[in-house]
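If you read the sequence shown in the working numbering, its first letter stands for residue 103, the second for the next number, and so on.
Here a beta-carbon is modelled for each residue, glycine too, at the ideal position from N, C-alpha and C.
Inspection log for the structure reproduced underneath, given as structure tokens.
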Amino acid sequence: MTGIVTNVQRFSIHDGPGIRTTVFLKGCPLRCFWCHNPETLHPKPQIQRFPDRCIGCGQCLLACHTGAISQHNGQLTYDRRLCKACGGCAEVCYAGAIELVGRSMSVDDVMRDVMADEPFYRTSGGGVTLSGGEPALQPDFSAALLRASKEHGIHTAIETAAHCRWENLAILLPMTDLVLLDLKHADPEKHRLATGVSNDLIIANAKRLAATGVKTLFRVPVVPGVNDTPDEIAAIADLALQLAAMAPPGSPWASAGPTTELLPFHKMAEGKYKSLGMEYAASGLRSPSTERMAELAAAARARGIHVKA
Numbered sequence: 103m104t105g106i107v108t109n110v111q112r113f114s115i116h117d118g119p120g121i122r123t124t125v126f127l128k129g130c131p132l133r134c135f136w137c138h139n140p141e142t143l144h145p146k147p148q149i150q151r152f153p154d155r156c157i158g159c160g161q162c163l164l165a166c167h168t169g170a171i172s173q174h175n176g177q178l179t180y181d182r183r184l185c186k187a188c189g190g191c192a193e194v195c196y197a198g199a200i201e202l203v204g205r206s207m208s209v210d211d212v213m214r215d216v217m218a219d220e221p222f223y224r225t226s227g228g229g230v231t232l233s234g235g236e237p238a239l240q241p242d243f244s245a246a247l248l249r250a251s252k253e254h255g256i257h258t259a260i261e262t263a264a265h266c267r268w269e270n271l272a273i274l275l276p277m278t279d280l281v282l283l284d285l286k287h288a289d290p291e292k293h294r295l296a297t298g299v300s301n302d303l304i305i306a307n308a309k310r311l312a313a314t315g316v317k318t319l320f321r322v323p324v325v326p327g328v329n330d331t332p333d334e335i336a337a338i339a340d341l342a343l344q345l346a347a348m349a350p351p352g353s354p355w356a357s358a359g360p361t362t363e364l365l366p367f368h369k370m371a372e373g374k375y376k377s378l379g380m381e382y383a384a385s386g387l388r389s390p391s392t393e394r395m396a397e398l399a400a401a402a403r404a405r406g407i408h409v410k411a
């Protein structure tokens, strides 16, 4: 069993409780214009280029067999349209100016990295989180990773936008201790304008998720001009409360109570877009101020939902 993985990030502290290993899977059905992980959007491997690191050795030119890399007037040029993302150029680029993002990994490959930090999971209450991208787009591989983690007694979490076939999400839940459910907007049309898709399927899946009772934490990326007003956050909080109320009494979700986490937009991914040859549509935005985030948290709490610090 193999999957396409962009990164296995050890010692992660922002993707669930405790110290965790976050496995970033490739492929996402949404196109949020501010996406912090653009390298995970496309389902197949891609080439990232960092021209400022290039030392002009020409090894990539010799390794490329598709004509994507050529030389003109002593300068190396790259035509992404001709590239097959075979990774040959990245293998010989000792300066790190070319990297292959997305590689085929087996469950054993990933678990080898996961188990390296197993003592930290035990002492911190941490574990493994599947993120992306969208784990439900590689359902069999994700299920195998979660199953292997549970066999080792490791706490498991998945981060999902829930825009997928319900069956793809449902097969992950028996091995999942915590779902980190992204909510971008309560309004279907505004959600479509910001992400490329309506939230209808997301909400439908979230209702079915609630019925399972699996513990769920709502995560809201706060993006200027998208959802950064008290009214918009209050509407998202109301939606979260409606969903949480559907959890069966006594279930892990019902026992934990409705909780949300507000995540401020940042521009740390801007360089990734350039390296992938992608336009960064959020370049004109600024991160919400601390005061603004506090105001939005207060708006959510006023609706009766707990806001994770």
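Distance, residue 232 Cα to residue 103 Cα: Against the sequence shown, residue 103 aligns to sequence position 1. Against the sequence shown, residue 232 aligns to sequence position 130. Each residue's Cα considered, the two are about 16 Å apart.
Check whether residue 284 and residue 257 have beta carbons under 8 Å apart: For the purposes of this step, residue 284 is taken as residue 182 along the sequence shown, with counting starting at 1. For the purposes of this step, residue 257 is taken as residue 155 along the sequence shown, with counting starting at 1. A distance of 8 Å or more separates the beta carbons of residue 284 and residue 257.
Spatially closest choice to residue 286 from 401, 304, 184, by CA coordinates: As a first step, residue 286 must be located in the sequence shown, where it is residue number 184. Just measuring C-alpha positions, the residue of 401, 304, 184 sitting nearest residue 286 is 304.
With 16 other Cβ atoms within 10 Å as the buried cut-off, status of residue 157: The sequence position of residue 157 within the sequence shown is 55, counting from 1. A residue is called buried once 16 or more other Cβ atoms fall within 10 Å of its Cβ, and residue 157, having fewer, is exposed.
In chain order, each alpha helix (DSSP H) run of at least 4 residues that lies wholly inside the segment 114-192: Counting only runs of 4+ residues, the alpha helix (DSSP H) found wholly inside the segment 114-192 occupies 161-165, in chain order.
CB of residue 405 within 8 Å of CB of residue 365, strictly: For the purposes of this step, residue 405 is identified with residue 303 of the sequence shown, where counting begins at 1. For the purposes of this step, residue 365 is identified with residue 263 of the sequence shown, where counting begins at 1. No, the Cβ-Cβ distance between residue 405 and residue 365 is not below 8 Å.
Residue range of the unbroken beta strand (DSSP E) whose run includes residue 354: On the sequence shown, residue 354 is found 252 positions in, with the first residue counted as 1. Segment 354-358 is the alpha helix (DSSP H) holding residue 354; no beta strand (DSSP E) there.
Beta-carbon proximity check, residue 271 vs residue 263, cutoff 8 Å: If you number the sequence shown from 1, residue 271 lands on position 169. If you number the sequence shown from 1, residue 263 lands on position 161. No, they are not a contact pair.
Neighbour-count burial assignment, residue 367, 16 or more Cβ in a 10 Å radius: Taking the first residue of the sequence shown as position 1, residue 367 is located at position 265. Classification for residue 367: buried.
Residue range of the unbroken alpha helix (DSSP H) whose run includes residue 236: For the purposes of this step, residue 236 is identified with residue 134 of the sequence shown, where counting begins at 1. Boundaries cannot be given for residue 236, as no alpha helix (DSSP H) includes it and DSSP labels it neither H nor E.
Cβ-based burial, residue 177 [other Cβ within 10 Å; buried from 16]: Taking the first residue of the sequence shown as position 1, residue 177 is located at position 75. Residue 177 comes out exposed.
Backbone secondary structure at residue 225 - three-state DSSP: Along the sequence shown, read from residue 1 onward, the residue named residue 225 stands at position 123. Secondary structure at residue 225: helix, using DSSP grouped into helix, strand and coil.
Cβ shell of residue 208 (< 7 Å), same chain only, five flanking positions each side left out: The residue given as residue 208 occupies position 106 in the sequence shown. Result list for residue 208: 103, 104, in chain order.
Distance cut-off 7 Å: residue 260 Cβ against heavy atoms of the ligand NAP: Absent from the structure shown: the ligand NAP. Ligands present: none.
Nearest-angstrom Cα separation, counted from residue 333 out to residue 398: Position 296 of the sequence shown, counted from the start, is the residue given in the question as residue 398. Position 231 of the sequence shown, counted from the start, is the residue given in the question as residue 333. The C-alpha of residue 398 lies about 9 Å from the C-alpha of residue 333.
Proximity of residue 276 and residue 260 at Cβ, strictly below 8 Å: As a first step, residue 276 is located in the sequence shown; it is residue number 174 there, counting from the start. As a first step, residue 260 is located in the sequence shown; it is residue number 158 there, counting from the start. At a Cβ-Cβ threshold of 8 Å, residue 276 and residue 260 do not count as neighbours.
Alpha-carbon spacing of residue 274 relative to residue 122, whole angstroms: Taking the sequence shown and counting its residues from 1, the one referred to as residue 274 is at position 172. Taking the sequence shown and counting its residues from 1, the one referred to as residue 122 is at position 20. In a straight line, the C-alpha of residue 274 is about 18 Å away from that of residue 122.
Segment contact, 8 Å Cβ cut-off, at least three pairs: the segment 344-359 with the segment 313-322: With the rule of 3 Cβ pairs closer than 8 Å, the segment 344-359 counts as touching the segment 313-322.
Cα-Cα separation, residue 349 to residue 341: Here residue 349 refers to the residue found at position 247 when the sequence shown is read from its first residue. Here residue 341 refers to the residue found at position 239 when the sequence shown is read from its first residue. About 14 Å.
Separation of residue 197 from residue 307, as counted between CA atoms: The sequence position of residue 307 within the sequence shown is 205, counting from 1. The sequence position of residue 197 within the sequence shown is 95, counting from 1. About 45 Å.
Length-filtered (4 minimum) alpha helix (DSSP H) runs lying within the segment 348-408: Counting only runs of at least 4 residues, the segment 348-408 fully encloses the following alpha helix (DSSP H) elements, listed from N- to C-terminal order: 354-358, 372-377, 392-404.
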